[in-house]
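Student: Take a look at this one; I'll ask things after.
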Amino acid sequence: MNKLITLLLVTTALHAQDVRGIIEEVQRRSHTDSQRYEGTLQVIDNKERVTTKRWTYQRIGSFGESKAVLKFIEPAEVKGIALLIFNQKDRSSDQWMWTPSLQRDRRIAMQDRSTRFFGTDFSFEDLEERDVDQFDYKLLGEEPLNGQACWKIESRPRKTKSSQYTHSHVWVRKDIYAFVQIEGFKNQTLVRRIQYSNFEKIKNIWTAKKFEVLDAARKSRTVMQLEKLEYNIPTKQEDFTLQSLRRSE
Amino acid sequence: MILLRLLTLPYARKHLLRTLLTLTGIVLGVAVFVGMHTANQNVTQAFRRTVDRIAGTAQLQISAGETGFPEDVLEKVQANPNVSAAAPVIEAVLDTGVSGQGSLLILGVDMLGDRSLREYEVEGSNEDAIDDPLVFLAQPDSIMLSETYATRNNINRNTAITLNTMQGPKQFKVRGIMKTSGLASAFGGNVAVMDIYAAQLVFGKGRTFDRIDVGVKAGIEPDTTRKELESALGPGYQVEAPSTRAGHFDLITKGLATTINISSLFALLIGVFIIYNSFSIAITQRRAEIGILRAIGASERQVLWLFVGESAVAGVIGSAIGIAMGLLLARGVAPVLSEMVRQLYSSHQVVDDVVASPELIAIAMAIGVAASLVGGFLPARNAARVDPVKALQKGRYQIMSEGENRARSIAAVTLIAIAAACLWLGTSNNMFYAGYATVIASLVLLSPALAQFLAKAIRPLWKLLRPVEGVLAADSLIQAPRRTSATVSALMLSLALAVGFSGIAGAIHSSVLTWMDTTLNPDLFITPTQTITNRDFRFPAELEQQIAAIPGVAEAQPVRSSRMMIKGVPALGIAVPIAAVNRRIKPAVVEGNLEEMIRLGSEGKGIIISDSLANIRNIHKGEVVELDSPGGRISLPVLGTTVDFSDQQGSFLIEKTLYEKYWQDTSVNVFRVYLKPGASTEAVKENILAQLGRNRRMFVFTNASLREFILTATAQWFGLTYVQLAVALLVAVLGIVNTLTVSISDRRRELGILQAVGGLRGQVRRTIWLEAVAIGLIGLILGLAMGAVTLYYNVDMLRRDMAGLRLEYQYPFTFAIALFPVILGCAFLASIWPAETAVRRSLVESLEYE
Chain A
2 MNKLITLLLV TTALHAQDVR GIIEEVQRRS HTDSQRYEGT LQVIDNKERV TTKRWTYQRI
62 GSFGESKAVL KFIEPAEVKG IALLIFNQKD RSSDQWMWTP SLQRDRRIAM QDRSTRFFGT
122 DFSFEDLEER DVDQFDYKLL GEEPLNGQAC WKIESRPRKT KSSQYTHSHV WVRKDIYAFV
182 QIEGFKNQTL VRRIQYSNFE KIKNIWTAKK FEVLDAARKS RTVMQLEKLE YNIPTKQEDF
242 TLQSLRRSE
Chain B
225 MILLRLLTLP YARKHLLRTL LTLTGIVLGV AVFVGMHTAN QNVTQAFRRT VDRIAGTAQL
285 QISAGETGFP EDVLEKVQAN PNVSAAAPVI EAVLDTGVSG QGSLLILGVD MLGDRSLREY
345 EVEGSNEDAI DDPLVFLAQP DSIMLSETYA TRNNINRNTA ITLNTMQGPK QFKVRGIMKT
405 SGLASAFGGN VAVMDIYAAQ LVFGKGRTFD RIDVGVKAGI EPDTTRKELE SALGPGYQVE
465 APSTRAGHFD LITKGLATTI NISSLFALLI GVFIIYNSFS IAITQRRAEI GILRAIGASE
525 RQVLWLFVGE SAVAGVIGSA IGIAMGLLLA RGVAPVLSEM VRQLYSSHQV VDDVVASPEL
585 IAIAMAIGVA ASLVGGFLPA RNAARVDPVK ALQKGRYQIM SEGENRARSI AAVTLIAIAA
645 ACLWLGTSNN MFYAGYATVI ASLVLLSPAL AQFLAKAIRP LWKLLRPVEG VLAADSLIQA
705 PRRTSATVSA LMLSLALAVG FSGIAGAIHS SVLTWMDTTL NPDLFITPTQ TITNRDFRFP
765 AELEQQIAAI PGVAEAQPVR SSRMMIKGVP ALGIAVPIAA VNRRIKPAVV EGNLEEMIRL
825 GSEGKGIIIS DSLANIRNIH KGEVVELDSP GGRISLPVLG TTVDFSDQQG SFLIEKTLYE
885 KYWQDTSVNV FRVYLKPGAS TEAVKENILA QLGRNRRMFV FTNASLREFI LTATAQWFGL
945 TYVQLAVALL VAVLGIVNTL TVSISDRRRE LGILQAVGGL RGQVRRTIWL EAVAIGLIGL
1005 ILGLAMGAVT LYYNVDMLRR DMAGLRLEYQ YPFTFAIALF PVILGCAFLA SIWPAETAVR
1065 RSLVESLEYE
């Protein structure tokens, strides 16, 4: 009996290690020192009304230590609005928003991360990087998605990670080690589903060029398409500060 | 019950007008009670509702008085692990300039996190309140209106509205409509939301917030988090539940509530006398009926219960009508009261609908019935004691026994002794009010004896005026004091109250005038608001130099006033450059040495408090008070006391540089501007507006216009005086009509004989007219005398309990003299109808017994 328990424990530990390994591999394969793209964001509400915005995105650093600037470029009414994100290895990210017409930056509080990202179906938390060390993982099994073999993994935020989701289900494509779908839950209720598609190999990295987010409660969708995507481009740390945002006006 | 149906109902039907007059006493008292209390309750509830609806699901609110606090406090609050949401707020009221729409409550919130605490959409609705949240945040002209306000004014999404901001009139684009529930239904639905950082610009609040609304994580006791936040933020911050914030409102309107209670009490007391009077008439007229009842075997108890029952029924009917009229009265009074409270206290509330609480209606009904029973009991007891034989005789009935008169006088003298003891020995408020009540009771008890004395005193005068009719009229009063005592008492009470209010109004008026002459002497006042008491908008400090540079301006003094907590209660802190201001004014010193006060005050070594604050909070020179500021707690000694009417809750002067240091606030509410000799006030005013007011919200008051504004604000006491005077006139007319009806009925035989022996109709008329005028005169003399007493108590009440104002006792002689023609005229008018009834009565009927 004791042997059986010991065997079960060892198997469970190994299993957990395997799952973590999958996520680490996803992280390793997508590792880059920097990134830049232009994105088109379409919010489709429950009455199928569509609003479109465009932004540029720049990142420096990688998982857990990266800094990113997201800046809206269209339409004219929102041009210049920017979001500065400092991802942290051991806790949730720090985020600031810059409003050029007011010449003001505002810090986005931890408590506000669950709110919608400027009327889209993303929340501010969804813009953070999911560092492997901030979650505990459990392999739920294998489940194909869109005809592709995938691992279905449950991730639960650790105590140090403040999250609106009690747990998430993550689908990882077995052939390319890339996330294809993430479902965020609050207890047993689905809050948000993010689907990744239009995979393309850019600088040897399989990259999804289309994200679709569904807000389960509101029944609205947001589709984001990436263009002009580049990795490992020359960037400077000083471009990722509040001062640089202010200067850029 | 059978007796009521068989005897009372036919009598009531036959004398419908008199029955209505009987009810009037109760209706009057109950209507004033319900009306004033309902209005007050509704204004208070409107404030609570506004606080609740704006607070949303916030369990705690953090503020630092009216001054606001720096933005970085938000991060300290958000850092508390038990805080689930912390949303900064700026709250202010803007005049919309739209006719009939009044003010718009603007809530500046951070739309990123605010939805954790406040709902802008209706639950379950698929419609977003805001079309595009990013555009709303990106554009500082974004505004979200409540659906109620938008519908009322035909405003749709994406239309522009103009608001008068700190940068002058500015157009805002409606980028959202809130459904009418929760937040959107606050302030009568006149609610708008804008981004908090845009609101900072609009209201000139710099980088400060007014408040932070806090949600606490599930399972955590809000009080625990409150204590943690208090300890983290320091003593300058108030962390409290929204309901506690509403409690401050009760505190600041306490004075108003006391006035309302006293007015209601007097109204009810007057009602009791009208009932007493009316029942006395009824019993006089039904004396024969009572005699027959007794003769056929009805017991004293049955007769007593018949009339007590009548008074109870009259109480119920009168109270019901009084409650209905009170609700109508409240509808008229509530908006006035709301506006008065808003002007005086800068509190934001709109009375949506006037509703009386079931408790208040029950209390009003109970009070009305009780007052009716009290007023009806004595006549009922007298009716029960009627000797059946005497009852069936014709003659005089209303003669008060010597014993009864003596007992009243002894009781009155005893009460006066108690009142004097309360006055001299007691310092507590309970003792003071007990003394007030006792002295009123004693004067009421003494009124029949005094009325008789005065009737005797005026007899020679009446004889001089009309030898026959004058003597008959005066004798009628002398011989039957009970007949007139109720009317005289009611008139005395209502006139006393009117005199009391008038005296207070006059004293406030003259004190405020003196204060304005000595202290409020700048040529111009520049403010960002239409009302100088509204502190929602502020100027930047640098405007001082720009004003000083305008040709003709000799000096511009910045004033930053805000309500601050002193000894746990709010008072108006006025931050000024003390030395500069005092070079121009001559404040009346109550305590302390002015030179020393100015020297130490300008060095930031203490505060100078108003006499009213000293009285309300019992603070005196030398006492060290603690002021909690965002920069920490400061202990400052009171350097002295001066007369200052800036605020009804009391005020204090603090050196502006000290205030700026601790409150981290350099903004200005008002600039006091002195002109160079020979400079034209109007020309400089126009120049200031032209040069500085174009792109800025700015109002320039001349000294005269500000005085007018302040005197209007103090006119509430004059308003109360006129209301009370109207009540007094009504009482005079009703009471005299009733009394004369009894008198004529009582003196049927006497008047009949007068006519039989050749007396002319004109003589009968004049007899009754003179009797009426005599009643009016006696009531007036006693009222003016009692007014002297009530004024004494009112002056002290104002000092002790309401506003801490130390007013001089100034008897309103002009008002008193003006009352003579008014009251005597009313008395005469009231006598016309009874006199005509008397002269048209059949002589045979009048002398049938003979």
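In the order they appear, the protein sequences are chains A and B. Just so you know, we're using the working numbering here: the first sequence kicks off at 2 and counts up by one. Just so you know, we're using the working numbering here: the second sequence kicks off at 225 and counts up by one. Even glycine gets a Cβ: it sits at the ideal position worked out from N, Cα and C.
#1: By DSSP, does L243 of chain A sit in helix, in strand, or in coil?
#2: Is the CB of P775 of chain B under 7 angstroms away from at least one CB in chain A?
#3: Which residues, taken in chain order from the stretch 71-97 of chain A, show a beta carbon closer than 9 angstroms to some beta carbon of chain B?
#4: Can a CB atom of chain B be found closer than 7 angstroms to the CB of K103 of chain A?
#5: Per DSSP, which one or two residues make a beta bridge with F293 of chain B?
#6: For P393 of chain B, collect the residues of the same chain with a Cβ closer than 6 angstroms to its Cβ; drop the 5 residues on either side in sequence, then sort them by chain order.
#7: What residue does the alpha helix (DSSP H) around F1052 of chain B start on, and which one ends it?
#8: For S124 of chain A, which residues from the same chain have a beta carbon less than 8 angstroms from its beta carbon, with the 5 sequence-adjacent residues on both sides left out?
#9: What would DSSP say about V981 of chain B, mapped onto helix, strand or coil?
#10: If contacts are defined as beta-carbon pairs under 8 angstroms, then S543 of chain B and I499 of chain B qualify, I think. What distance do you get, rounded to the angstrom?
#11: Considering only the alpha carbon of each residue, which of B:A722, B:A665, B:T662 and B:D437 lies closest to L954 of chain B?
#12: What are the boundary residues of the alpha helix (DSSP H) that E910 of chain B is part of?
#13: Between R759 of chain B and the ligand GDP, is there a pair consisting of the residue's CB and a ligand heavy atom that are separated by less than 6 angstroms?
#14: Any idea what DSSP makes of S94 of chain A, helix, strand or coil?
#15: Considering only C-alpha positions, which residue in the set B:S308, B:L457 and B:V317 is nearest to R857 of chain B?
#16: Go to T52 of chain A, then tell me how far its beta strand (DSSP E) extends in each direction, as first and last residue.
#17: Would L331 of chain B pass as an interface residue toward chain A - the criterion being a Cβ-Cβ separation below 7 angstroms?
#18: Counting along the chain, where does the beta strand (DSSP E) carrying N199 of chain A start and finish?
#19: What is the DSSP secondary structure of S102 of chain A, counted as helix, strand or coil?
#20: Cβ atoms of V267 of chain B and L561 of chain B: under 7 angstroms apart, would you say?
#21: If you reduce the DSSP assignment to three classes, tell me which class L328 of chain B lands in.
#22: State the DSSP-derived secondary structure class of Q622 of chain B, mapped to helix, strand or coil.
#23: Which residue marks the beginning of the alpha helix (DSSP H) containing L678 of chain B, and which one marks its end?
#24: Check whether the Cβ of I45 of chain A lies closer than 7 angstroms to any Cβ atom in chain B.
#25: Just the Cα atoms here: how many angstroms apart are G214 of chain B and V692 of chain B?
#26: Compile a chain-ordered list of the residues in the stretch 407-431 of chain B whose CB is closer than 7 angstroms to at least one CB of chain A.
#27: Going along chain A in order, which residues have a C-beta closer than 8 angstroms to the C-beta of Q888 of chain B?
#28: For the stretch 889-907 of chain B and the stretch 865-878 of chain B, state whether three or more C-beta atom pairs, one from each stretch, are separated by less than 8 angstroms.
#29: Using a beta-carbon distance below 7 angstroms, is G120 of chain A in contact with chain B?
#30: Excluding the five sequence neighbours on either side, which residues of its own chain have a C-beta within less than 6 angstroms of the C-beta of R710 of chain B, listed in chain order?
#31: Going by the CB atoms, is the gap between F1044 of chain B and V997 of chain B shorter than 7 angstroms?
#32: Comparing alpha-carbon positions, which option in A:S156, A:R50 and A:L71 lies nearest W56 of chain A?
#33: Give me, in chain order, the residues of the same chain whose beta-carbon lies closer than 7 angstroms to that of P1058 of chain B; leave out the 5 immediate sequence neighbours on both sides.
#34: Going by the DSSP bridge assignment, what does T386 of chain B pair with across the sheet?
#35: Compare the Cα-Cα distances from G253 of chain B to each of B:I514, B:M789 and B:L493 and report the closest residue.
#36: Determine the chain A residues that contact V359 of chain B at a beta-carbon separation under 7 angstroms, and present them in chain order.
Tutor: Once the coordinates are examined:
#1: If you number the first sequence from 1, residue 243 of chain A lands on position 242. Of the three classes helix, strand and coil, the one that applies to L243 of chain A here is helix, per DSSP.
#2: By 1-based counting over the second sequence, the position of residue 775 of chain B is 551. Answer no: the Cβ-Cβ gap between P775 of chain B and chain A never drops below 7 angstroms.
#3: So the list reads F73, P76, E78, V79, K80, G81 and I82, given in the order they occur along the chain.
#4: As a position in the first sequence, residue 103 of chain A is number 102, starting the count at 1. Here the sequence assigns Leu to residue 103 of chain A, which means Lys is not the residue at that position. Judged by the 7 angstroms Cβ criterion, L103 of chain A is in contact with chain B.
#5: In the second sequence, residue 293 of chain B corresponds to position 69, counting from 1. Residue pairing by DSSP puts F293 of chain B in a beta bridge opposite B:F433.
#6: Start at 1 with the first residue of the second sequence, and residue 393 of chain B comes out as number 169. Here the set comprises T386.
#7: Mapped onto the second sequence, residue 1052 of chain B falls at position 828. Note, F1052 of chain B: alpha helix (DSSP H), F1037 to R1064.
#8: Within the first sequence, the letter at position 123 stands for residue 124 of chain A. R114, S115, T116, R117, F118, Q165 and R193, listed in sequence order.
#9: As a working mapping, residue 981 of chain B is identified with position 757 in the second sequence. In this structure, V981 of chain B counts as coil in the three-state DSSP scheme.
#10: The residue given as residue 543 of chain B occupies position 319 in the second sequence. The residue given as residue 499 of chain B occupies position 275 in the second sequence. About 12 angstroms separates the beta carbons of S543 of chain B and I499 of chain B, which is beyond the 8 angstroms limit, so they are not a contact pair.
#11: Taking the first residue of the second sequence as position 1, residue 954 of chain B is located at position 730. Nearest C-alpha to L954 of chain B: B:A722.
#12: Here residue 910 of chain B corresponds to residue number 686 of the second sequence, with the count starting at 1. Taken as a continuous stretch (DSSP letters only), the alpha helix (DSSP H) holding E910 of chain B covers T905 to L916.
#13: Annotation note on the ligand GDP: not contained in the displayed structure, which lists no ligands.
#14: Your numbering for residue 94 of chain A matches position 93 in the first sequence. Taken through DSSP and simplified to helix, strand or coil, S94 of chain A comes out as coil.
#15: As a working mapping, residue 857 of chain B is identified with position 633 in the second sequence. Closest option to R857 of chain B, judged by alpha-carbon separation, among B:S308, B:L457 and B:V317: B:L457.
#16: Residue numbering aside, residue 52 of chain A sits at position 51 when the first sequence is read from its first letter. V51 to I61 is the extent of the beta strand (DSSP E) around T52 of chain A.
#17: Looking up residue 331 of chain B in the second sequence gives position 107. With a threshold of 7 angstroms between beta carbons, L331 of chain B makes no contact with chain A.
#18: Here residue 199 of chain A corresponds to residue number 198 of the first sequence, with the count starting at 1. Residues T190 to I203.
#19: Mapped onto the first sequence, residue 102 of chain A falls at position 101. S102 of chain A: coil per DSSP, three-state reduction.
#20: By one-based count along the second sequence, residue 561 of chain B stands at place 337. By one-based count along the second sequence, residue 267 of chain B stands at place 43. Yes, these two residues count as a Cβ contact at 7 angstroms.
#21: Here residue 328 of chain B corresponds to residue number 104 of the second sequence, with the count starting at 1. Secondary structure of L328 of chain B (DSSP, three-state): strand.
#22: Within the second sequence, the letter at position 398 stands for residue 622 of chain B. Residue confidence is low: Q622 of chain B scores 44 on pLDDT, short of 50, so the model does not pin down where it sits. No coordinate-derived value is stated.
#23: Residue numbering aside, residue 678 of chain B sits at position 454 when the second sequence is read from its first letter. Going by DSSP, L678 of chain B is part of the alpha helix (DSSP H) stretching over N653 to L689.
#24: In the first sequence, counting from the first residue as 1, residue 45 of chain A sits at position 44. Chain B, which has no Cβ nearer than 7 angstroms to the Cβ of I45 of chain A, makes this no.
#25: A question about residue 214 of chain B goes unanswered here, because the residues of chain B that appear run from 225 up to 1074.
#26: So the list reads Y421 and A422, given in the order they occur along the chain.
#27: Position 664 of the second sequence, counted from the start, is the residue given in the question as residue 888 of chain B. Contacts between Q888 of chain B and chain A, judged by CB atoms closer than 8 angstroms, are missing: the closest CB pair is about 18 angstroms apart.
#28: Counting Cβ pairs under 8 angstroms, fewer than three are found: no touch.
#29: If you number the first sequence from 1, residue 120 of chain A lands on position 119. For G120 of chain A, the answer is yes, since a Cβ of chain B falls inside 7 angstroms of its Cβ.
#30: On the second sequence, position 486 is the one that residue 710 of chain B refers to. Here residue 710 of chain B is Ala; the residue named in the question, Arg, does not match the sequence. Hits under 6 angstroms: F497, Y500 and N501.
#31: Counted from its first residue, the second sequence places residue 997 of chain B at position 773. Counted from its first residue, the second sequence places residue 1044 of chain B at position 820. The Cβ atoms of V997 of chain B and F1044 of chain B do not sit closer than 7 angstroms to each other.
#32: Within the first sequence, numbered from 1, the residue matching residue 56 of chain A stands at position 55. Distance from the Cα of W56 of chain A is smallest, within the candidate group A:S156, A:R50 and A:L71, for A:L71.
#33: Residue 1058 of chain B sits at position 834 when you count from the first residue of the second sequence. Apart from sequence neighbours up to five positions away, the residues of its chain that approach P1058 of chain B with a beta-carbon distance below 7 angstroms are V961, L964, T965, I968 and I992, ordered along the chain.
#34: Numbered from 1 along the second sequence, position 162 holds the residue referred to as residue 386 of chain B. For T386 of chain B, the beta-bridge partners assigned by DSSP are B:Q395.
#35: Position 29 of the second sequence, counting from 1, holds the residue named residue 253 of chain B. Taking the Cα of G253 of chain B as reference, the smallest distance to any Cα among B:I514, B:M789 and B:L493 is reached at B:L493.
#36: On the second sequence, position 135 is the one that residue 359 of chain B refers to. The answer, in chain order, is E78 and V79.
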